[in-house]
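Here is the structure we will look at.
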Amino acid sequence: MEVLTIQASRSILYNIDPIGIETGLVESLCSYLIRLSYEHNLNVGHLVNKLVVPELHKDYLERSSKYGGNSFFEGAKTINGYKDNSTELVRVLEELTTRIDLANLTLFKLKDLVPLRNLFKETFSWCPECIKNWNDNNKSIYYPLIWYLKPVQICFKHKCYLIDKCPACYKKTDILRRQMIPGHCPNCFNLLIQDEAIEEINNLEWQWHTFVYLNIESLIGLNSSKLFVKENISKQLNYINQDLFSDNIPNFARFLGIPKSTLRAWIKSENIPTLDGLLMVCFKLDTTILEFFSKNLPNVTISHLVEKTKTSKEKVIRRRLDFVSIENSLNEVLICDQPISMVATAKIIGRDKRVLYSNFPEYCKQISKRYREYINLESKQRIEELKKEIQIAFYSLVNEGIYPSSEKIQMKTNKRGLLKERVLQEYWRDLLVMNSLYNGKGRK
Ligand SMILES: [Zn+2]
Ligand SMILES: [Zn+2]
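Quick note on full-length UniProt numbering: the sequence shown kicks off at 1 and runs consecutively.
Shown next, in the form of structure tokens:
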């Protein structure tokens with residue numbers, strides 16, 4: 001403990017700077033704890049048991065640490081979250097290091113936006129290329145917060161999947177262990193890099209993964225949490241449901257590809273989507289999470305957003321546009337089999353949508369038009385299929401001598417609420433008229 005007492009006049013532990021504060025690649029609290037131990041030549045278990053646990057004032061943890069138990073480490077999965085174990089560790093480490101910014105290393109500011117349900121990975125995963133680069137360039141090796149989130153599967157910088165098995169011993173590794181050295185496997189202590197070529201990601205998967213990554217990166221890098229009021233999710237969904245789906249939750253749910261009971265619970269504020277769910281909703285609606293939250297919000301929060309957009313726009317402009325390669329990519333998007341939206345295109349190319357529009361307006365308009373037509377066609381096909389089903393049910397009822405009321409049709413097709421959709425209801429009425437069964441009131 002000698003190392004520690006030398007510093008005791010100012011702080012008990014060295015006041016080391018967290019890496020990447022206020023960026024999407026901010027360090028995680030786990031990583032900070034590991035680096036802090038490393039800088040003091042202590043293993044994590046030692047630092048936790050001697051300095052952290054006594055300050056947490058949790059009897060069960062003290063008992064556990066005294067008798068060599070593992071309670072603190074077993075709960076480590078959510079240390080980068082926002083529950084008690086996380087906020088308490090922040091408090092204690094801030095006291096020990098005299099820092100005041102360690103809450104930034106957790107998801108504290110997103111506590112009103114994302115439930116912890118299904119949020120964190122069970123084991124550690126990392127980008128071997130990032131670690132290799134930091135190591136080769138003698139930079140501090142650290143683990144960004146974003147790596148710990150379940151939906152995040154890639155490193156955007158290196159266009160590769162994160163890996164979760166050590167390339168040397170093939171073992172998975174816990175989120176936090178008693179013995180951990182930054183950048184090294186806690187099982188075999190080899191550097192967490194791999195010699196073989198990194199696995200390439202196919203285009204379709206890349207589209208989703210980049211969408212996820214960039215959205216989460218922008219959330220983590222945000223320096224305000226004012227946007228995220230739980231009620232805004234239901235408000236927005238309700239608004240979209242009214243505006244785009246004429247208050248037809250089943251249709252909206254079908255569009256999103258989720259059960260309608262789930263969507264109904266979100267709209268009624270009985271439940272909020274997991275981060276994965278929210279990402280999927282925004283992906284389908286061709287918007288980003290920040291855009292999703294930015295509409296109809298009080299001015300204060302919108303101004304935050306504008307600030308944010310300004311800086312990211314500047315960044316984009318600072319990156320010199322490589323016209324030829326962008327044009328090639330846009331052309332590729334335009335001729336590939338599966339039409340994609342401009343938001344997705346912008347993510348794939350890695351440029352802001354507005355920059356693409358202002359530099360390549362024709363390409364962008366064509367891509368957007370093609371995607372819209374594709375979406376329309378899909379919904380047309382769905383309507384045609386449903387009409388066929390209605391027709392079959394209609395005539396089989398007539399043949400059975402039963403009046404083909406809307407209720408009977410719905411029972412026959414086993415689709416409740418089927419005729420609530422205007423076009424389908426009209427179609428049914430047309431059938432009635434054609435077969436002279438219509439009495440003017442649309443008998444039920
Ligand atoms: Zn990387
Ligand atoms: Zn290993």
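Built from N, CA and C at the ideal position, the CB exists for glycine as well.
{"Query": "Inter-residue Cα distance where the pair is I220 and F293", "Result": "15 Å"}
{"Query": "Residue range of the alpha helix (DSSP H) that includes C30", "Result": "29-39"}
{"Query": "Helix, strand or coil at Y82 [DSSP, three-state]", "Result": "coil"}
{"Query": "Segment contact, 8 Å Cβ cut-off, at least three pairs: the segment 138-156 with the segment 109-121", "Result": "yes"}
{"Query": "beta-carbon N190 near ligand 2 non-hydrogen atom, thresh 8 Å", "Result": "yes"}
{"Query": "For review: beta carbons within less than 7 Å of any heavy atom in ligand 1", "Result": "C127, E129, C130, C155, K157, H158, C160"}
{"Query": "Reduced DSSP secondary structure (H/G/I, E/B, other) of V306", "Result": "A caution first: V306 carries a pLDDT of 36, below 50, which makes its placement in the model unreliable, though a value can still be read off. Looking at V306 - three-state DSSP - the assignment turns out to be helix."}
{"Query": "C-alpha gap between I367 and M342, whole angstroms", "Result": "7 Å"}
{"Query": "Nearest candidate by alpha-carbon position, reference N248, set I233, I267, N232", "Result": "I267"}
{"Query": "Near ligand 2: A346 beta-carbon under 8 Å from a heavy atom", "Result": "no"}
{"Query": "Sequence-distant residues of the same chain with beta carbon closer than 7 Å to G24, five excluded per side", "Result": "I146, E217, S218, I220, G221"}
{"Query": "Backbone CA spacing between L237 and K408 [nearest angstrom]", "Result": "32 Å"}
{"Query": "N135: CB within 8 Å of a non-hydrogen atom of ligand 2", "Result": "no"}
{"Query": "Beta-carbon spacing of C160, E199 below 9 Å", "Result": "yes"}
{"Query": "Alpha-carbon spacing of V316 relative to F211, whole angstroms", "Result": "With a pLDDT of only 37 at V316, under the threshold of 50, the placement of this residue in the model should not be trusted; the figure read from the coordinates follows. Their backbone Cα atoms lie some 17 Å apart in a straight line."}
{"Query": "Reduced DSSP category for P361 - H, G, I as helix; E, B as strand; rest coil", "Result": "helix"}
{"Query": "Under 9 Å between C-beta atoms of L386 and K415", "Result": "yes"}
{"Query": "Alpha helix (DSSP H) segment containing N15, residue limits", "Result": "First-last for N15: undefined, no H or E at that position."}
{"Query": "F245 - DSSP class collapsed to helix/strand/coil", "Result": "helix"}
{"Query": "K132 CB to nearest heavy atom of ligand 2 below 8 Å", "Result": "no"}
{"Query": "N241, buried or exposed, once every other Cβ within 10 Å from all chains shown has been counted against 16", "Result": "buried"}
{"Query": "The segment 179-189 contacting the segment 249-262, beta-carbon criterion three pairs below 8 Å", "Result": "no"}
{"Query": "For Q391 and E384, the rounded distance between their alpha carbons", "Result": "10 Å"}
{"Query": "Cβ-Cβ distance between T98 and S11 below 9 Å", "Result": "yes"}
{"Query": "Same chain, Cβ closer than 6 Å to K77, five either side skipped, listed in chain order", "Result": "F120, I175"}
{"Query": "Three-way DSSP call (helix, strand, coil) for I154 in this model", "Result": "strand"}
{"Query": "Close Cβ partners of T274 (< 8 Å) along its chain, the five nearest in sequence each way excluded", "Result": "V114, P115, R117, N118, L119"}
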